[in-house]
Ligand SMILES: NC(=O)c1ccc[n+]([C@@H]2O[C@H](COP(=O)([O-])OP(=O)(O)OC[C@H]3O[C@@H](n4cnc5c(N)ncnc54)[C@H](OP(=O)(O)O)[C@@H]3O)[C@@H](O)[C@H]2O)c1
């Protein structure tokens, strides 16, 4: 389920559970769910989501939610891992560009410094940061050479003290949906 934006989200989730029971889905999960909306599912005694896909990068580190998902064995999946980059969704209509540019600028110095020190691209550093936090990372590029380069984030490790520096960039600030004015984690009351 893309986001908990419907007041009928429990009925929708129940339909996913039924699909799985019928063998029509192998795995079912949610996206943009926070602790409260996951708890709604558990409180309703419905099968819990196997995964939750959320915006996750150093500026939006989802600290409490990450801990909660770990405690409840819900697989964390990251989207918009590259949102801190100045090149993130810069093309017309992609909703990136100047979005929260000031906030990003503050972090870019640290990201650039650590990437240079480790001799990796900033994109690889950000993907690796997600992986070292236990997230599956989803990324995309329209450029084959970038896709090839981005994939190489299994062959190096970010040392603990650099992980800590990156962790300190957290502003609990989501960027991906900002240009739409919608907060996908802000669920309306249940019907
Ligand atoms: N569940 C949700 O609410 C939600 C929300 C957002 C996204 N998603 C999903 O998450 C996945 C990732 O989407 P995303 O747009 O957020 O992706 P992303 O991987 O964080 O960012 C992609 C952007 O970064 C640029 N980029 C890629 N590699 C780069 C590199 N090496 N150096 C510099 N810039 C680079 C790309 O530009 P070029 O194309 O020019 O390379 C593109 O503008 C998609 O499957 C998407 O559907 C889900």
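In the working numbering, the protein residues as written are 947 to 1137. Just so it is clear, CB atoms sit at the ideal spot from N, CA and C, and this is done for glycine as well.
On the CB-based measure, 16 or more other CB atoms within 10 Å of its CB, does residue i come out buried or exposed?
{"i": "residue 1093", "result": "exposed"}
{"i": "residue 1009", "result": "exposed"}
{"i": "residue 976", "result": "buried"}
{"i": "residue 1089", "result": "exposed"}
{"i": "residue 1003", "result": "buried"}
{"i": "residue 964", "result": "exposed"}
For residue i, verify whether its CB is less than 7 Å away from any heavy atom of ligand 1.
{"i": "residue 1075", "result": "no"}
{"i": "residue 1134", "result": "no"}
{"i": "residue 1130", "result": "yes"}
{"i": "residue 1086", "result": "yes"}
{"i": "residue 1069", "result": "yes"}
{"i": "residue 1034", "result": "yes"}
{"i": "residue 1092", "result": "yes"}
{"i": "residue 1098", "result": "no"}
{"i": "residue 1029", "result": "yes"}
{"i": "residue 978", "result": "yes"}
{"i": "residue 990", "result": "no"}
{"i": "residue 1095", "result": "yes"}
{"i": "residue 1053", "result": "no"}
{"i": "residue 1025", "result": "yes"}
{"i": "residue 969", "result": "no"}
{"i": "residue 1007", "result": "no"}
{"i": "residue 1050", "result": "no"}
{"i": "residue 997", "result": "no"}
{"i": "residue 1082", "result": "no"}
{"i": "residue 1042", "result": "yes"}
{"i": "residue 948", "result": "yes"}
Tell me whether residue i sits in a helix, a strand or coil according to DSSP, three-state version.
{"i": "residue 979", "result": "coil"}
{"i": "residue 1000", "result": "strand"}
{"i": "residue 1090", "result": "helix"}
{"i": "residue 1025", "result": "strand"}
{"i": "residue 1076", "result": "helix"}
{"i": "residue 918", "result": "A query on residue 918 cannot be resolved here, the shown segment of the chain reaching from 947 to 1137 and no further."}
{"i": "residue 1066", "result": "coil"}
{"i": "residue 1083", "result": "strand"}
Out of the options, which one is the CA nearest neighbour of residue i?
{"i": "residue 1040", "options": "952, 1122, 1089", "result": "1122"}
{"i": "residue 1024", "options": "1106, 979, 1095", "result": "979"}
{"i": "residue 1105", "options": "1064, 1117, 1081", "result": "1064"}
{"i": "residue 1077", "options": "1087, 970, 1101", "result": "1101"}
{"i": "residue 1066", "options": "1096, 1019, 1000, 954", "result": "1096"}
{"i": "residue 1061", "options": "1080, 1083, 1031, 991", "result": "1031"}
{"i": "residue 992", "options": "1011, 1132, 967, 999", "result": "967"}
{"i": "residue 962", "options": "1051, 995, 1132, 1052", "result": "995"}
{"i": "residue 1046", "options": "987, 1036, 1124", "result": "1124"}
Is the beta carbon of residue i within less than 7 Å of some heavy atom of ligand 3?
{"i": "residue 952", "result": "In the structure on display, ligand 3 does not appear, and the ligands it does have are ligand 1."}
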